[in-house]
Amino acid sequence: MTAATNTAPRLASRLVNGALSIKPLAKLAKHQARKMMIQRAESIGVSWRQEAQALQARNWDAELAQVQNPNLVYPEYYLRSFHAYDEGNLSWEAATEVEVAAYAVHARIWPEAGAQGDARLRQSYHDVLKAQAEAPKDILDLGCSVGMSTFALQDTYPQARITGLDLSPYFLAIAHHRSRQRHTQINWVHAAAESTGLADTSYDLVSTCLVCHELPRTATMQLLREARRLLRPGGHLAIMDMNPKSEVHAKMPPYILTLLKSTEPYLDDYFTFDIEQAIIDAGFTKPTLTCNSPRHRTLIAQVS
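Note that the sequence shown covers residues -10 to 293 in our numbering.
Next up, the structure:
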């Protein structure tokens, strides 16, 4: 079977695509998106510039050397402009702004949440996860970024052995630094989520949080097959991400949609991808779907 639904973006999205195909307009949209994010962060008490500059001022050589795989070949999809950064996720600027950006993006999921919106979103995911899966002994966090999702999993399952995996060595260097600050032991792996190099049947839970919307569907399908290979019999796959069917996204004003799509090059592919069928095709049971926020959904499936 093929994991595809309607492959055509809706009309508003196609109009936005046309605008963004004009390079000066795309550049302006990225600039405006970044400006709006910084303003939102600082309006809720998050010192975006100050916190990012403090991280950028550190010498990261030691942390980078500890986590980086110098022989890794980056997939082509990862080498493009992303999140308003010309170098995408392969830069210190992107890495040092992940945390403050997460606080800004998730501040308005619930109007009253403010800077706590990010923590509330992750907790809503873990509440769904705990209700459907037994406590895992070994957890893999695919696309762990700077470790926010990894540390949240560790707080939820303090007895578990946890591995965080990401393609950006800059993200992982900060994750490693944060784990030392927390005095916690996490195995950080520099690899692609769709080709981890990790041993078969090594994990009880593979979690991927806010990652799939940042991938072309071909990479997501490979990620799902890789997760199936890595999970033990009875193990669970858990995915928390944007919900393409939410009213918030369906009713998004064109201007906001333009800003969003200027920083998310694979959004159309994600919104038109039947990920539930892809999970089944990869060797899992039919996933449960829980709307854990007005904008997000959690999919949980078990090795079939």
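The beta carbon of each residue, even a glycine, is placed where N, CA and C say it ideally should be.
Since the structure is predicted, the reported quantities are computational estimates derived from the model, not experimental observations.
For H166, name the three-state secondary structure that DSSP assigns.
-> helix
May I ask which residues mark the beginning and end of the beta strand (DSSP E) holding M231?
-> L220 to M231
Helix, strand or coil at G186 according to DSSP, with G and I counted as helix | coil
Just curious, the alpha helix (DSSP H) that T139 is in, first and last residue?
-> M137 to T145
Based on the DSSP output, what are the partners of G153 in its beta bridges?
-> Looking at the DSSP assignment, G153 forms a beta bridge with D130 and W177.
Mind reading off the beta-carbon distance from M231 to H238? Whole number of angstroms is fine, and I expect it under 8 Å.
-> 7 Å
So, helix, strand or coil for L199, using DSSP?
-> Three-state result, L199: coil.
8 Å Cβ shell around W99 - same chain, five flanking residues per side excluded | G106, R109, S282 and P283
Should H115 go down as buried or exposed, given a rule of 16 or more other Cβ atoms within 10 Å for buried?
-> Result: buried.
For H285, name the three-state secondary structure that DSSP assigns.
-> Of the three classes helix, strand and coil, the one that applies to H285 here is strand, per DSSP.
As assigned by DSSP and simplified to three states, the class of A290 = strand
List the DSSP bridge partners of T277.
-> I289
Beta-carbon gap between Y74 and E82 smaller than 8 Å = yes
R111, enclosing alpha helix (DSSP H) - first and last residue | Secondary structure note for R111: its alpha helix (DSSP H) is the uninterrupted segment G106 to Q121.
If we call anything under 8 Å between Cβ atoms a contact, is V135 one with L220?
-> Contact: no.
Determine the direct distance from the alpha carbon of A267 to that of T279, and round the result to whole angstroms.
-> 17 Å
Give me the Cβ distance between E203 and E253, rounded to the nearest whole Å; I'm assuming they're in contact under 8 Å.
-> 7 Å
Given P294, which residues of its chain have a CB within under 7 Å of its CB, disregarding the five upstream and five downstream residues?
-> The structure shown does not extend to residue 294, since the chain is modelled only from -10 through 293, so no value can be given for it.
Three-state secondary structure (DSSP) of L161 | helix
Contacts around N(-5), its chain only, beta-carbon distance under 7 Å, and the 5 residues preceding and following it disregarded | Caution is warranted here: a pLDDT of 49 is assigned to N(-5), below 50, making its placement in the model unreliable, and the coordinate value is therefore given only provisionally. Within the same chain, N(-5) has close Cβ partners T261.
Taking the C-alpha atoms as reference points, what is the distance between P276 and S168?
-> 32 Å
Bounding residues of the alpha helix (DSSP H) (the contiguous stretch that carries D50) = D50 to V56
Could you tell me whether the Cβ atoms of R111 and A84 are closer together than 8 Å?
-> Contact flag unset, no.
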